[in-house]
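FYI, the numbering used here numbers position 183 of the sequence shown as 183, with every residue one higher than the one before it.
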Amino acid sequence: MNLELLLHIINGLLLLNVSRKFSLYHPAKVWILFQSLFYFGTIYLTDFTNPLEMTHLRMYASFVLVAFLTSLLLPKDDRKFEVVVKDKHIQFVYISFYVSVVMCSIYFTLAGGNLFVQNLRSVINLGSTLDFVGSRRLEFYAGQNYYAPGFFNLFKNFLLPASFYGILFLHIKGYKRQPKWFIAGALITYLLFILGTGQRAALVLSLLYGILFCLYFLGKKMTYKIGLYSGSGFFVLFVLATYFLGRAKLKALNSVDDYILLTEVALERFFVTNQRVGLLGYKYIITYEEITWGYDWLMSLEQFLPGKSTHINLANKVFAWLYGSPRGTSPPSLVVSVYYNFGYVGVAIFPAVFLYFLQGLYDVFTKRYRGFLELFLYAFIYFALATWATSAIDYPLRNGILLFILLYFIKKIKI
């Protein structure tokens, strides 16, 4: 037990080195911070008298230790970046925003409404949230009135927020200034659409994308200023969205205790919920599954091919195990997914391989690209890879890389 405690302390000290060595420019830093959030949340959740949970924690500690040690071998991040903006870049960003708005409008028309707006109306008119939100959230991804969720999410969760931030930062920088009502309208449109399916994770991840974009384009000083205000505002919005989307199981806010409970539920989403699912996923694998040696990751790519996917992924299996129905997902942590596919050997090797891959991507971008449009597109790759903390290898593809490839061929950018 003393040796395990020492391991956790060493991991904490190594994390401080990562914070000093890399800036947010570098995707390795963000990825390691995400893994650390899951790791320390797992420590909090672990029952130290349960041998299975202790094995899961040791696996997590080993995973992040390899990541931290690998980060010591990577070169220090001390590069500066200046972005060149051309008229064609500005035009592309505005077209992307308008196309995203159209596609999101089609998205919610097919789905039968916007859950955030409907619940907001309910609170204003009736003083309480609606009961159907939980079941309606599933309808956006498994209902009869909704089609191609993966395709539409590329616009709703990625291109829409990315193009909004592009418009905002171009406005701040003075390249194409717009009336304040236009910026405010674009912000409201972005928020209503991204919260409309009852999911809050996309809101948080899109903010991270915006901070990255801001850091490259506006510099550190402006980023810290904007990040302070926007981060505080987005946290308040996240808490409110938790209520308006019925995620806190509160019908109304009638007392101080209700507001405290609402905040606790919102914070739990960051520090406990995903970590608990990862632990449950590990227990499920140990009890019912065998190591797939890459088959699960390979078959997860089947969903991107024409026709209906026949593969039942681990997230669906765990959800069915917990709730009795496969109509939903309980995405395991990345560590558990790596273990499910490659065993403990994969857990020991994957962090080093992935971090060197991120370093190579960062080197190519910072040495070759200087255009605003290249930054706009590169950020999709950064965003998808640096925030990969759950699910299988299809996660980064769904969360930006496929959209990058699509835009790459549309614009025929020479990269």
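Don't be surprised by glycine CBs; every beta carbon is placed ideally from N, CA and C.
query	result
Limits of the alpha helix (DSSP H) - the one that Phe-164 falls within	160-173
Spatial neighbours of Trp-31 in its chain, beta-carbon cut-off 6 Å, leaving aside the 5 residues before and after	Ala-386
Contact check, Leu-65 vs Leu-13, beta carbons under 8 Å	no
Burial state of Lys-76 (16 or more Cβ within 10 Å)	exposed
Buried or exposed by the 16-neighbour rule on C-beta atoms within 10 Å, applied to Phe-132	Confidence is the limiting factor: at Phe-132 the pLDDT is only 49, short of 50, which leaves the residue's position unreliable, though a coordinate-based value still follows. The residue in question, Phe-132, is exposed, as its Cβ has fewer than 16 Cβ neighbours within 10 Å.
Where Val-272 sits in the DSSP three-state scheme	helix
Exposure label - Gly-419; buried when at least 16 CB within 10 Å	Because the chain spans 1 through 415 in this model, residue 419 falls outside it and cannot be assessed.
Exposure label - Asn-341; buried when at least 16 CB within 10 Å	buried
Coarse secondary structure for Gly-185, derived from DSSP in three states	helix
Close-in-space but distant-in-sequence residues of the same chain around Ile-10 (CB under 6 Å, 5 per side omitted)	none
Beta bridge counterpart(s) of Ser-333 as assigned by DSSP	Thr-390
Sequence-distant residues of the same chain with beta carbon closer than 7 Å to Ala-384, five excluded per side	Pro-396, Asn-399, Gly-400 and Ile-401
C-alpha distance - Thr-292 paired with Pro-331, whole-angstrom precision	17 Å
Beta-carbon proximity of Pro-27 to Tyr-382, cut-off 8 Å	yes
Sufficient close CB pairs (3 or more, under 8 Å) joining the region 92-104 to the region 164-176	yes
Unbroken alpha helix (DSSP H) run spanning His-89, endpoints	87-111
As assigned by DSSP and simplified to three states, the class of Val-83	coil
Straight-line Cα distance separating Val-117 from Leu-74	47 Å
Strand pairing of Gly-371, partner residues [DSSP]	Val-84
Three CB pairs or more closer than 8 Å across the region 334-349 and the region 371-381	no
For Ser-23, the three-state DSSP class (helix, strand or coil)	coil
Between the CA atoms of Lys-283 and Thr-55 - distance to the nearest angstrom	10 Å
Beta-carbon proximity check, Phe-155 vs Cys-104, cutoff 8 Å	yes
Host alpha helix (DSSP H) of His-311 (start-end)	Per DSSP, His-311 belongs to no alpha helix (DSSP H) and is neither H nor E.
Local Cβ density within 10 Å of His-89, reported as buried at 16 or more and exposed below that	buried
Distance CB(Gly-443)-CB(Val-318) smaller than 8 Å	Residue 443 lies beyond the stretch modelled for the chain, which goes from 1 to 415, so this question has no answer here.
Nearest-angstrom Cα separation, counted from Val-83 out to Leu-279	43 Å
Ser-333, buried or exposed, once every other Cβ within 10 Å from all chains shown has been counted against 16	buried
Close beta carbons around Thr-70, own chain, < 8 Å, minus the five adjacent residues each side	Pro-351, Ala-352, Leu-355 and Tyr-356
Backbone secondary structure at Ser-325 - three-state DSSP	coil
Residue burial classification, Leu-3 (beta-carbon count within 10 angstroms, cutoff 16)	exposed
Classification of Ala-186 by the beta-carbon crowding that lies within 10 angstroms, buried from 16 upward	buried
Whole-angstrom distance between Gly-210 and Thr-390, CA atom to CA atom	21 Å
Within 8 Å, strictly: CB atoms of Phe-108 and Gly-196	yes
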